[in-house]
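One structure is given here, and the rest of the page talks about it.
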Amino acid sequence: MIATTSTAEKAERLKALGASEVINYTEAPDWDEKARDLTGGSGVDCVVEIGGPGTIEKSLKALAVGGHVSLIGASLSRSGIMLDPLLLTGRGTTVGAISVGSRADFEAMNRAIALHGLRPVIDRTFPFAEAKEAYRHFEGRGHFGKVVISHRLK
Numbered sequence: 006m007i008a009t010t011s012t013a014e015k016a017e018r019l020k021a022l023g024a025s026e027v028i029n030y031t032e033a034p035d036w037d038e039k040a041r042d043l044t045g046g047s048g049v050d051c052v053v054e055i056g057g058p059g060t061i062e063k064s065l066k067a068l069a070v071g072g073h074v075s076l077i078g079a080s081l082s083r084s085g086i087m088l089d090p091l092l093l094t095g096r097g098t099t100v101g102a103i104s105v106g107s108r109a110d111f112e113a114m115n116r117a118i119a120l121h122g123l124r125p126v127i128d129r130t131f132p133f134a135e136a137k138e139a140y141r142h143f144e145g146r147g148h149f150g151k152v153v154i155s156h157r158l159k
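Adding 5 to a residue's 1-based position in the sequence shown gives its number in this note's numbering.
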C-alpha cells in the first residue's frame with residue numbers, strides 16, 4: 006500500500022500502520038508520478054480519494070490500466086472544477102463513490118471489525134464544550150486520524 010501525507014511524522018505513523026511506501030506530497034507535489042515510479046511505471050490499482058477537487062486529476066494519473074478511484078465524501082464538491090475527459094478514457098479506469106450502505110452492510114462491517122480487532126486511529130478527543138477548538142485543530146491539518154467531539158448525556 007502506498008499512502009500520501011504532508012509530514013515526516015505522519016509518514017512514520019502510516020508505515021507503523023502497514024503502509025509499504027509513503028509519499029510526502031509537500032516534498033513531492035507530483036506525487037502521481039512518484040506513485041507510478043514506485044510501481045515500476047505501471048501505476049496503482051486503487052486510489053481512495055479524499056483530497057477533493059485539487060487531487061482527483063493526480064489520482065487518475067496515478068492509476069494503472071484498469072485501476073479504480075473511490076471517492077469519499079464531497080471529493081468533487083467545489084463547483085467549477087473541470088476534469089479532462091481523456092483521463093477517463095483509453096485505460097479502462099473507473100471512478101465510483103463510496104456511500105453509506107444498508108443496515109445489513111453496517112452489521113456485517115461491525116462483525117468484521119470485532120472479528121479482526123480493528124480500532125480507529127484517533128488523534129484527539131475534545132469535549133462538546135470545546136467544539137470550536139476541535140474544528141480549529143482539524144483546520145490546522147496537524148492531526149493524524151480522526152478528531153472526535155464527544156458529547157456525553159447525563
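Note that beta-carbon positions come from the ideal geometry of N, C-alpha and C, so glycine has one too.
- By the Cβ neighbour-count rule, residue 61 is buried, with 16 or more other Cβ atoms within 10 Å of its own.
- If you look at residue 35, you'll find it isn't in any beta strand (DSSP E); DSSP assigns it neither H nor E.
- If you check the CB distance, residue 133 and residue 15 do not come in under 7 Å.
- In the same chain as residue 64, and ignoring 5 residues on each side of it, the C-beta atoms closer than 8 Å to its own belong to 37, 52, 54, 56 and 74, in chain order.
- Fewer than three pairs of CB atoms, one per stretch, sit closer than 8 Å, so the region 87 to 100 makes no contact with the region 109 to 119.
- Taken atom to atom, the span from the alpha-carbon of residue 131 to that of residue 46 is near 43 Å.
- The DSSP-derived three-state label of residue 96 is coil.
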